[in-house]
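J.: Take this structure, written in structure tokens, and hold onto it; I'll ask about it next.
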Amino acid sequence: MGIYSCIGKNLAEVRESLYKGVSGIVFDQERKDMGFRSGLTGMVDKPVLKGMLDRRMRIGLAEQGEYAYLSTLEALSNAGIDEDFLEKNEVGLLFGNDSSSLAVINAVDMLREKKDTTLLGSGSVFQSMNSTVTMNLATIFKLKGVNFTISGACASGSHSIGMGYFLIKHGLQEAIVCGGAQEINPYSMGSFDALGTFSVNEKEPKKASRPFDKNRDGLIPSGGSATVIIESYDHAVRRGAPILGEIIGYGFSSNGGHISQPNVDGPSRSIQMSLKDAGIAPGEVDYINAHATSTPVGDMYEARALDQVFGASRPLISSTKGMTGHECWMAGASEIVYSMLMMQNSFVAPNINFEAPDEDSARLNIAAETIEENIDVFLSNSFGFGGTNSSLIVKKIR
Amino acid sequence: MNRDEIINKVNAFLIEEFEVEEEQIVPEGILKDTLGLDSLDYVDLVVVIESNFGFKVKGEDFVSIVTLQDFYNYILDKVAEKELK
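Chains as they are written, first to last, in numbering that gives the first Met the number 0: chain A, 0 to 397; chain B, 0 to 84.
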């Protein structure tokens with residue numbers, strides 16, 4: 000695994016932040032000056048890749064590609080996969096990404112100003128496409144397996160792992176680098192801010208993201224990248240890989256309803272499909288990493304869906320978006336990393352800012368503080384615009 | 000701009016922007032080989048030349064530019080042409 004997020008630039012930093020309930024949310028004046036309703040955002044530092052990558056490798060990378068390069072570097076290193084291995088074996092690449100706004104805007108602005116495309120430079124097109132992350136990483140790491148980007152809004156990162164799991168399970172590939180990456184620049188978030196769904200609790204940025212809390216007033220955009228390398232069990236054992244966990248179930252669905260408002264049925268079906276795929280009953284799930292983004296309506300529907308499926312067993316639930324904000328295309332993958340860190344270190348990270356429940360979240364067993372707890376099985380949900388739902392179940396390896 | 004200024008500018012952007020090793024900067028150096036420039040780098044050279052020297056390179060101009068000396072001469076000629084206008 001590898002991570003580059005607003006709560007840590009690597010797994011060790013993130014583990015500590017999760018345990019301590021640290022928020023990565025800040026107030027960004029630039030957004031207000033641009034005309035945003037909300038100046039809140041998760042914040043990650045711009046990577047400095049000069050010296051790590053040569054110019055040709057760097058020039059096609061968009062902002063989120065730079066994050067993805069770093070999280071993938073960490074993951075490959077931790078997985079014990081080196082250049083020689085990648086040269087001799089077919090390792091695939093499936094990353095979640097659903098925009099590359101800044102590169103497109105820069106190119107269009109330049110074109111309008113200069114009226115000459117030959118002044119756009121050679122990196123622009125490779126930064127601008129939705130598949131920018133996978134096309135660049137496959138080139139940088141010289142990957143030879145499956146290679147494409149999965150766009151499923153805020154479920155992109157989760158679906159990328161689900162699709163990887165599917166390909167491996169059906170014998171089409173033995174090892175795949177999966178993940179999700181998200182740009183945080185304001186240009187990528189302007190039209191999202193236009194919906195009026197971001198929190199405006201600007202006086203206390205670190206208290207603004209409050210999933211399931213009765214006083215929540217909206218989500219906070221965030222970003223970075225997370226990488227999760229998955230392999231068939233035989234392949235992992237054969238090469239002596241350090242096995243961290245096992246994906247035992249993947250479920251998905253579409254709501255068939257409103258483009259931005261979820262319902263109960265869609266998420267519930269996605270969860271139940273993942274449980275069926277895993278061959279387990281709801282009572283066997285120890286912890287749920289909820290999608291809950293801190294929107295009044297979204298969290299409500301999710302709480303109802305979770306209660307519908309898990310009402311009897313009431314497993315521990317938290318949404319790490321209280322700390323990270325909504326990492327959008329990255330979230331589905333990063334939340335697997337966060338949940339894995341919890342499982343490896345036997346704690347449930349807090350759903351920070353959960354101070355009072357509403358009538359729906361009151362029925363759930365939400366961890367408002369860090370809880371020391373063994374986790375053998377966790378479920379991670381991601382739901383996106385257009386009603387796309389993804390659920391992944393992971394089990395501890397003993 | 001005089002001759003030396005132009006040559007220094009070219010060397011500077013080759014080293015800084017295109018990350019060419021300083022020891023490779025010799026007049027007889029072949030752009031494609033010793034300086035390791037590929038087809039995409041030529042696209043970027045057009046941008047860098049425009050912003051440093053204020054003129055547009057045509058794709059076909061590169062055909063006759065083989066060595067670094069050819070490149071210096073090309074820029075010197077174009078800058079002189081521009082200053083005459």
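Backbone N, C-alpha and C define an ideal beta-carbon position, used for all residues, glycine too. These numbers come from a predicted model, not from an experiment.
By Cβ distance below 6 Å, which residues in the same chain neighbour A:S318 in space, the five residues on each side in sequence not counted?
T.: Counting from one through the first sequence, the residue named residue 318 of chain A turns up at place 319. So the list reads P210, A289, A291, N350, once near-sequence residues are dropped.
J.: Please list, in chain order, all residues of the same chain as A:S37 whose beta carbon is under 8 Å from its beta carbon, the five residues on each side excluded.
T.: One-based indexing of the first sequence puts residue 37 of chain A at position 38. The answer, listed in chain order, is R30, D192, F197, S198, V199, E201, G217, I219.
J.: Report back the beta-carbon spacing between A:R381 and A:S157 to the nearest angstrom; my notes put them in contact at under 8 Å.
T.: Looking up residue 381 of chain A in the first sequence gives position 382. Looking up residue 157 of chain A in the first sequence gives position 158. The sequence shown places Ser at residue 381 of chain A, rather than the Arg named in the question. A:S381 to A:S157, Cβ: 4 Å. Contact.
J.: B:D43 touches chain A at which residues, Cβ-Cβ below 7 Å?
T.: The residue you call residue 43 of chain B lines up with position 44 of the second sequence. Residues of chain A passing the Cβ test: G120, S121.
J.: Is there a Cβ from chain A that is less than 7 Å from the Cβ of B:V62?
T.: By one-based count along the second sequence, residue 62 of chain B stands at place 63. No - not a single Cβ of chain A is within 7 Å of the one on B:V62.
J.: Identify the continuous alpha helix (DSSP H) that holds A:Y66 and give its terminal residues.
T.: If you number the first sequence from 1, residue 66 of chain A lands on position 67. Counting along the chain, the alpha helix (DSSP H) containing A:Y66 begins and ends at 62-78.
J.: So, is the C-beta of B:E18 closer than 7 Å to a C-beta in chain A?
T.: In the second sequence, the residue the question calls residue 18 of chain B occupies position 19. Taking Cβ atoms only, chain A reaches closer than 7 Å to B:E18, which makes this a yes.
J.: Would you give the residue range spanned by the alpha helix (DSSP H) that A:S127 belongs to?
T.: Walking along the first sequence from the start, residue 127 of chain A turns up at place 128. Residues 123-127.
J.: Please return the same chain residues whose Cβ sits closer than 7 Å to the Cβ of A:M162, not counting the five positions on each side in sequence.
T.: For this step, residue 162 of chain A is matched to residue 163 along the first sequence. Hits under 7 Å: L93, I149.
J.: Run through chain B and tell me which residues come within less than 8 Å of A:R54, C-beta to C-beta.
T.: Taking the first residue of the first sequence as 1, we reach residue 54 of chain A at position 55. In chain order: E16, F17, E18.
J.: So, using beta-carbon positions, are A:S159 and A:F251 closer together than 7 Å?
T.: Looking up residue 159 of chain A in the first sequence gives position 160. Looking up residue 251 of chain A in the first sequence gives position 252. No, the Cβ-Cβ distance between A:S159 and A:F251 is not below 7 Å.
J.: Does B:V9 come within less than 7 Å of chain A when only Cβ atoms are used?
T.: Walking along the second sequence from the start, residue 9 of chain B turns up at place 10. Not closer than 7 Å to any Cβ of chain A, the Cβ of B:V9 fails to qualify, so no.
J.: Quick one: list the residues of chain A neighbouring B:V46, beta-carbon separation under 7 Å, in chain order.
T.: One-based indexing of the second sequence puts residue 46 of chain B at position 47. Those within 7 Å of B:V46 in chain A are L118, G120.
J.: If we cut at 7 Å on Cβ distances, does B:L39 have a partner in chain A?
T.: In the second sequence, counting from the first residue as 1, residue 39 of chain B sits at position 40. For B:L39, the answer is yes, since a Cβ of chain A falls inside 7 Å of its Cβ.
J.: What is the rounded straight-line gap between the Cα of A:S267 and the Cα of A:H257?
T.: The residue given as residue 267 of chain A occupies position 268 in the first sequence. The residue given as residue 257 of chain A occupies position 258 in the first sequence. The alpha-carbon atoms of A:S267 and A:H257 are separated by roughly 16 Å.
J.: Please classify A:M51: is it buried, with 16 or more other beta-carbons within 10 angstroms of its beta-carbon, or exposed?
T.: Along the first sequence, one-based indexing puts residue 51 of chain A at 52. Classification for A:M51: exposed.
J.: State whether the segment 336-351 of chain A contacts the segment 319-327 of chain A, with contact taken as three or more CB pairs (one from each stretch) at a distance under 8 Å.
T.: The segment 336-351 of chain A vs the segment 319-327 of chain A: in contact.
J.: I need the DSSP call for A:S273, collapsed to helix, strand or coil.
T.: For the purposes of this step, residue 273 of chain A is taken as residue 274 along the first sequence, with counting starting at 1. If DSSP states are grouped into helix, strand and coil, A:S273 belongs with the helices.
J.: Using three-state DSSP, classify A:T294 as helix, strand or coil.
T.: What you label residue 294 of chain A is simply residue 295 of the first sequence in a count that begins at 1. Three-state result, A:T294: coil.
J.: Along chain A, in chain order, which residues have C-beta atoms closer than 9 Å to that of B:E49?
T.: Start at 1 with the first residue of the second sequence, and residue 49 of chain B comes out as number 50. What B:E49 touches in chain A: K113, D115, T117, L118.
J.: According to DSSP, is A:S99 helix, strand or coil?
T.: In the first sequence, the residue the question calls residue 99 of chain A occupies position 100. DSSP places A:S99 in coil when its eight states are reduced to three.
J.: Note down, one range per segment and in chain order, each beta strand (DSSP E) of at least 3 residues found wholly within the segment 15-64 of chain B.
T.: You should have found no qualifying run.
J.: On the DSSP bridge list, what partners appear for A:G88?
T.: Here residue 88 of chain A refers to the residue found at position 89 when the first sequence is read from its first residue. The sequence shown places Asn at residue 88 of chain A, rather than the Gly named in the question. In DSSP, A:N88 forms no bridge with anything.
J.: My output table needs one value for A:E245: the three-state DSSP class, helix, strand or coil.
T.: On the first sequence, residue 245 of chain A is found 246 positions in, with the first residue counted as 1. Reduced to three states, the DSSP call for A:E245 is strand.
J.: What runs of the beta strand (DSSP E), each 3 residues or longer, lie entirely inside the segment 103-186 of chain A?
T.: List check, beta strand (DSSP E) in window: 146-149, 174-181.
J.: Which two residues bound the contiguous alpha helix (DSSP H) that contains A:M323?
T.: Within the first sequence, the letter at position 324 stands for residue 323 of chain A. Reading off the sequence, residue 323 of chain A comes out as Thr, not Met. Segment 320-323, the alpha helix (DSSP H) holding A:T323.
J.: Per DSSP, A:E372 forms a beta bridge with which residues?
T.: Position 373 of the first sequence, counted from the first residue, corresponds to residue 372 of chain A. According to DSSP, A:E372 bridges with nothing at all.
J.: Roughly how many whole angstroms lie between the Cα atoms of A:G122 and A:M134?
T.: Reading the first sequence from its first residue, position 123 is the one you call residue 122 of chain A. Reading the first sequence from its first residue, position 135 is the one you call residue 134 of chain A. Cα-Cα distance, rounded: 12 Å.
J.: Which two residues bound the contiguous alpha helix (DSSP H) that contains B:V78?
T.: Counting from one through the second sequence, the residue named residue 78 of chain B turns up at place 79. Here the alpha helix (DSSP H) through B:V78 covers 67-83.
J.: So, at 7 Å on beta carbons, what are the nonlocal neighbours of A:A106 in its own chain, with the 5 sequence-adjacent residues on each side left out?
T.: Position 107 of the first sequence, counted from the start, is the residue given in the question as residue 106 of chain A. Taken in chain order, the residues that qualify are L119, S123, S127.
J.: Determine the DSSP secondary structure at A:I6, reduced to helix, strand or coil.
T.: As a first step, residue 6 of chain A must be located in the first sequence, where it is residue number 7. Three-state result, A:I6: coil.
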